[in-house]
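Structure, as structure tokens:
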Amino acid sequence: MAISDAEAFRECLGHFPTGVTVVTSRTSDGPVGFVVGSFFSVSLDPLLVGFAAGRNSYTWSAIKRTGSFCVNVLGTHQLELSARMSGPGDRFEGISHGDAPVSGAPLLDGVPAWVDCTIDAIHPAGDHDLVVGRVEAFDVAGDNLEPLIFHRRLFGGFVQVQGGSNGEVGGAVSGAATDERAAS
């Protein structure tokens, strides 16, 4: 396989499941947000998180200018919201949300968890920026909301399974809800 085969590389990395988040901010023109599947923990001291943003993204450019953002972790019940936040048009029309306590970024109703941040660092990485956010506030809605997971271009949820002969408990991605093209 050619090292420059971007589609094959994307297919390979699709075998690694990721959570689905919506990163939001509030600009002078109103709320902005986009779906991010590259959200990750960076540090516990200080509390830092990160994500990768396409350098040519209009939404990322707008968020970068505000200096702050809120990561909204989506649940399995929010598949349509994921599609809405990936598509064209006014992504917030008819979407219920409050304000994150520090940044004032949109805090989407019904998310299992959220993390409110100020931008700590931005590192260029190929055609993306690696964004590091200093955690200013965070919360979880409780254990009853399952996270939305993206795996092999399909959305699904997490199920706990018994694995192996020793009865160890592990996790797996359950049946897919839809194809990624529905979210674009």
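In terms of my numbering, the sequence shown opens at residue 841 and continues consecutively. No residue lacks a Cβ here, since even glycine has one placed at the ideal position from N, Cα and C.
Counting only residues of its own chain and dropping the five nearest sequence neighbours on each side, V975 has a CB closer than 7 Å to the CB of L887, L888, V889, V955 and C957. Contact between A892 and H968 holds: their C-beta atoms lie close to 5 Å from each other, under 8 Å.
By the criterion of a C-beta distance shorter than 8 Å, L921 is surrounded in its chain by V862, L914, I935 and L948, once the five residues flanking it on both sides are discounted. The beta carbons of F879 and T858 sit closer together than 9 Å. DSSP places E986 outside any beta strand (DSSP E), giving it a letter other than H or E.
Taken through DSSP and simplified to helix, strand or coil, F995 comes out as strand. In the displayed model, I962 falls within a strand according to three-state DSSP.
A check of alpha carbon separations from Q1000 across E986, R992, F909 and L994 identifies E986 as the nearest.
In this structure, the alpha-carbon of R866 lies about 13 Å from that of R931.
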